[in-house]
Amino acid sequence: MTIPDSDQSSPNCPEVLSRNTARLSISMADSQNDLKAVREMLSEAQKDAKKDPGISLSAFDDDTDSVASHASETSTATPQPSKRRRSSAHSIALVQGKVHKRKNKWVTEQIELRYHKEAKQGLSMNELRFFVLNVLKAKTLCTTPLFDLAAPWKLKNVVFAFVPDLQESDFQVRKDETNVKNKPHLRALEKSASTPLSFLAEKCEYLVPTFMPESMPSPISVFLQLPLTKAGKKRRAAELSQVKLVLYDLLLTKLELESNKYPIHSSLDSSSDNNLEEGWVETADFEHEGSHTFALDCEFCQTSSGKALTRISIINFQNEVVYDQLVKPEEEITDYVTKYSGITEEMLANETTTLEDVQKKVLSLVSSSDILIGHSLNSDLNVMKLRHPNIIDTALLFEHHRGYPYKHALKYLAETHLARTIQNGEKDGTGHSSIEDLRACLDLVKLKLIEGPDFGRIVGLSLFRSAFDANAKLESSLVDYLMKEYGSLLNDVKEPTLTTSVVTNDDEAVNKVIEQLASKTFHLLWLREIQYNCERKTVPPSYTGRLLDEDSRTGGKKPPVSQDDKTQLLRDLDQRLERLYNALPAGSLLIINTGGGDPTKMNYLNYVKRLFQRQIKAGKDIADFSAEELWDFDKATQLLEATESARQGVTLLAVKL
Numbered sequence: 001m002t003i004p005d006s007d008q009s010s011p012n013c014p015e016v017l018s019r020n021t022a023r024l025s026i027s028m029a030d031s032q033n034d035l036k037a038v039r040e041m042l043s044e045a046q047k048d049a050k051k052d053p054g055i056s057l058s059a060f061d062d063d064t065d066s067v068a069s070h071a072s073e074t075s076t077a078t079p080q081p082s083k084r085r086r087s088s089a090h091s092i093a094l095v096q097g098k099v100h101k102r103k104n105k106w107v108t109e110q111i112e113l114r115y116h117k118e119a120k121q122g123l124s125m126n127e128l129r130f131f132v133l134n135v136l137k138a139k140t141l142c143t144t145p146l147f148d149l150a151a152p153w154k155l156k157n158v159v160f161a162f163v164p165d166l167q168e169s170d171f172q173v174r175k176d177e178t179n180v181k182n183k184p185h186l187r188a189l190e191k192s193a194s195t196p197l198s199f200l201a202e203k204c205e206y207l208v209p210t211f212m213p214e215s216m217p218s219p220i221s222v223f224l225q226l227p228l229t230k231a232g233k234k235r236r237a238a239e240l241s242q243v244k245l246v247l248y249d250l251l252l253t254k255l256e257l258e259s260n261k262y263p264i265h266s267s268l269d270s271s272s273d274n275n276l277e278e279g280w281v282e283t284a285d286f287e288h289e290g291s292h293t294f295a296l297d298c299e300f301c302q303t304s305s306g307k308a309l310t311r312i313s314i315i316n317f318q319n320e321v322v323y324d325q326l327v328k329p330e331e332e333i334t335d336y337v338t339k340y341s342g343i344t345e346e347m348l349a350n351e352t353t354t355l356e357d358v359q360k361k362v363l364s365l366v367s368s369s370d371i372l373i374g375h376s377l378n379s380d381l382n383v384m385k386l387r388h389p390n391i392i393d394t395a396l397l398f399e400h401h402r403g404y405p406y407k408h409a410l411k412y413l414a415e416t417h418l419a420r421t422i423q424n425g426e427k428d429g430t431g432h433s434s435i436e437d438l439r440a441c442l443d444l445v446k447l448k449l450i451e452g453p454d455f456g457r458i459v460g461l462s463l464f465r466s467a468f469d470a471n472a473k474l475e476s477s478l479v480d481y482l483m484k485e486y487g488s489l490l491n492d493v494k495e496p497t498l499t500t501s502v503v504t505n506d507d508e509a510v511n512k513v514i515e516q517l518a519s520k521t522f523h524l525l526w527l528r529e530i531q532y533n534c535e536r537k538t539v540p541p542s543y544t545g546r547l548l549d550e551d552s553r554t555g556g557k558k559p560p561v562s563q564d565d566k567t568q569l570l571r572d573l574d575q576r577l578e579r580l581y582n583a584l585p586a587g588s589l590l591i592i593n594t595g596g597g598d599p600t601k602m603n604y605l606n607y608v609k610r611l612f613q614r615q616i617k618a619g620k621d622i623a624d625f626s627a628e629e630l631w632d633f634d635k636a637t638q639l640l641e642a643t644e645s646a647r648q649g650v651t652l653l654a655v656k657l
């Protein structure tokens, strides 16, 4: 190899490098020989390396200066991970232990229901509702003051069963907890095959005391309606800002008409079961000029057979009086109810207009395609024996804060929303003005059209919708005897997100849930056989289940249920719940709730209180009240105690693993 003194290229040299790149010039022949020698040396070294994997080789191992220099450079560099080989098993263990702590918990954590045995408070229905919602949302840990549920995301089905009139006294609580001074909030169940609720006692460890709000709203509204958050209210306001209401948006549906005891027009039900009875009429479709929207109100008196029409008033959408007529009942009037109706004996002395005359006049004014507006108009139409399909009812349009079936009085709505005082005649005995009431109804409807869908509503989100918003794949089912009590609670969720099923007995209700276990995740059902056999609920005509007293099908007063009959009802309930539990797949949660305690005494005392107040307003002297009719301090105290007792219910939980 030669090193040229000049940077001039030499034509005799086979390869020349510039001075800036290197000072070395290598001949082709010499480089080939040197490279060959290096390759041979490395080849021999690699053979030795295969024999000893601990040897680290370098092409410059024999050059001690190079090694020292390399060590000096690497000593200041960032340490590199060791290249030592590990066994495959060791590598897998490192990956599992290092990477997926959350995923590992998600996979390995098991469904577990853990009770807080030292809890010092009961469970409110609101807390129970949010627990169920968090379970459906698959929260990491679903907790309440009395129990927790781990790994809710692994649940395949959640079944919530309301069983009204199931009482804490129907269960056997462990003897060591019945005589203690301060009973624990969690009641440990006695597991005995001799009890009528033996299956529940076996699968459910504790009775969980649950209480309703003090205002005693319906369990349906408490459990299903969630308040909107501030963000939710803003979002809803934005969504509804572009919604323009029209009158037809406010019409009652057929289900709402039936639920509120309206006579059903043949255009809504043409079956033979809905034929017109004697003395009844219904509006017909015809063309006419002028307004196609009317408000109607009637005044009544009392006869020996009930209410009778004494005045009818109709105004059009422009607030113009179209018809205002006094009516002479055929039967003898026993009470003119002047304080409320404004009708006196003198007013009807020379009146000859009959109910039949009124029916003919209304049929000539109102077409079946027109709209009738009123407040609790079902009462007016039933007394008039008139059927009409298109109804707007302000008693239903403006929701009560306690939920359906509670309704606000027209006087309250006028004061609240119109800043208008009506029905002042109650104070001086001159009675109501039907025209004044009509105009209040009509103005409330007009205000609703201006303010939008949420005006007059208890704005909230249904449990079904809230769960669906968190998981769009979640589908639910609702099984009950009647859907009327749900009112607008289900308006924000539709098929297939929610499937509603109307049943006629408890066995059918359980069967319906079992049928839908594979396709639905959340199931809400009502088992009402015990309730229908106790003195708490009117039995619907469609009910085909067991009744201890057949007279209660026709509205007769239910006799007290004997202990033997109650025991049999409880055994039947226990067997149904066992059948439902056995049909559940592994990884399911069953919740049973009573929806409060027995309200019988509370309802009776409230009735006595209202009757007393009504008679005092009517001018009855307090000295004329009997001991049973008189409302005094003792009865007020009893009402407070009865209300507190009616608030107290129980909840049971069982996890099928």
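Going by the UniProt record's numbering, the sequence shown opens with residue 1, and the numbers climb by one from there. All C-beta atoms, glycine included, are put in the ideal place defined by N, C-alpha and C.
State the Cα-Cα distance for the pair residue i and residue j, rounded to the nearest angstrom.
{"i": "Gly-587", "j": "Glu-214", "result": "36 angstroms"}
{"i": "Ala-119", "j": "Phe-147", "result": "9 angstroms"}
{"i": "Leu-482", "j": "Gly-597", "result": "21 angstroms"}
{"i": "Thr-293", "j": "Ile-371", "result": "5 angstroms"}
{"i": "Gly-649", "j": "Lys-620", "result": "39 angstroms"}
{"i": "Pro-145", "j": "Tyr-412", "result": "39 angstroms"}
{"i": "Lys-494", "j": "Ala-419", "result": "37 angstroms"}
{"i": "Pro-227", "j": "Leu-584", "result": "32 angstroms"}
{"i": "Glu-331", "j": "Ala-237", "result": "54 angstroms"}
{"i": "Leu-461", "j": "Thr-497", "result": "14 angstroms"}
{"i": "Lys-254", "j": "Asp-273", "result": "15 angstroms"}
{"i": "Trp-153", "j": "Leu-113", "result": "13 angstroms"}
{"i": "Arg-320", "j": "Arg-311", "result": "Correcting the residue type first, residue 320 is Glu in the shown sequence and not Arg. Each residue's Cα considered, the two are about 17 angstroms apart."}
Under 7 angstroms between C-beta atoms, does residue i make it to chain D?
{"i": "Glu-356", "result": "No chain D is part of this structure, which consists of one protein chain only."}
Where does residue i land, buried or exposed, given buried means 16+ other C-beta within 10 angstroms?
{"i": "Ile-220", "result": "buried"}
{"i": "Asp-380", "result": "buried"}
{"i": "Asn-350", "result": "exposed"}
{"i": "Ile-450", "result": "exposed"}
{"i": "Ala-654", "result": "buried"}
{"i": "Tyr-543", "result": "buried"}
{"i": "Leu-605", "result": "buried"}
{"i": "Ile-622", "result": "exposed"}
{"i": "Tyr-262", "result": "buried"}
{"i": "Ala-636", "result": "exposed"}
{"i": "Trp-631", "result": "buried"}
{"i": "Ala-518", "result": "exposed"}
{"i": "His-408", "result": "buried"}
{"i": "Ala-467", "result": "buried"}
{"i": "Glu-644", "result": "exposed"}
{"i": "Ile-111", "result": "buried"}
{"i": "Gln-359", "result": "buried"}
{"i": "Ala-646", "result": "buried"}
Which residues in the same chain as residue i place their Cβ atom closer than 6 angstroms to its Cβ, once the five residues preceding and following it in sequence are excluded?
{"i": "Leu-525", "result": "Ala-161, Val-479, Ala-509, Val-513"}
{"i": "Val-502", "result": "none"}
{"i": "Ala-414", "result": "Arg-420, Ile-422, Ala-440"}
{"i": "Pro-53", "result": "For Pro-53, the predicted structure reports a pLDDT of 43, less than 50, and the residue's modelled location is therefore unreliable. A value from the coordinates is still provided. Same-chain partners within the cutoff: there are none."}
Less than 8 angstroms between C-beta atoms, sequence neighbours within five positions excluded: which residues of the same chain meet that for residue i?
{"i": "Leu-547", "result": "Tyr-532, Asn-533, Val-539, Arg-553"}
{"i": "Glu-287", "result": "Ser-367"}
{"i": "Leu-245", "result": "Lys-448, Leu-449, Gly-452, Pro-453"}
{"i": "Glu-578", "result": "Phe-199"}
{"i": "Ser-232", "result": "Going by the sequence as given, residue 232 is Gly instead of Ser. Correct list, in chain order: Leu-461."}
Taking only three categories from DSSP, how would you classify residue i?
{"i": "Lys-156", "result": "coil"}
{"i": "Ile-373", "result": "strand"}
{"i": "Leu-128", "result": "helix"}
If you drop the 5 nearest sequence neighbours on each side, which residues of the same chain put their C-beta closer than 7 angstroms to that of residue i?
{"i": "Pro-196", "result": "Thr-567, Leu-570, Arg-571, Asp-574"}
{"i": "Pro-209", "result": "Gly-122, Leu-123, His-185, Gln-648, Val-650"}
Are the CB atoms of residue j and residue i within a distance shorter than 7 angstroms?
{"i": "Lys-191", "j": "Glu-202", "result": "yes"}
{"i": "Ile-314", "j": "Leu-296", "result": "yes"}
{"i": "His-265", "j": "His-388", "result": "yes"}
{"i": "Leu-589", "j": "Leu-166", "result": "no"}
{"i": "Glu-485", "j": "Tyr-406", "result": "no"}
{"i": "Glu-299", "j": "Ser-434", "result": "yes"}
{"i": "Glu-529", "j": "Asp-549", "result": "no"}
{"i": "Leu-252", "j": "Ile-391", "result": "yes"}
{"i": "residue 659", "j": "Ser-304", "result": "Nothing can be reported for residue 659, as the shown portion of the chain is limited to 1 through 657."}
{"i": "Asp-285", "j": "Ser-369", "result": "yes"}
{"i": "Glu-515", "j": "Ile-458", "result": "no"}
Closer than 6 angstroms to a non-hydrogen atom of the ligand FAD - does that hold for the CB of residue i?
{"i": "Thr-497", "result": "The model on display carries no ligand, and the ligand FAD is accordingly not part of it."}
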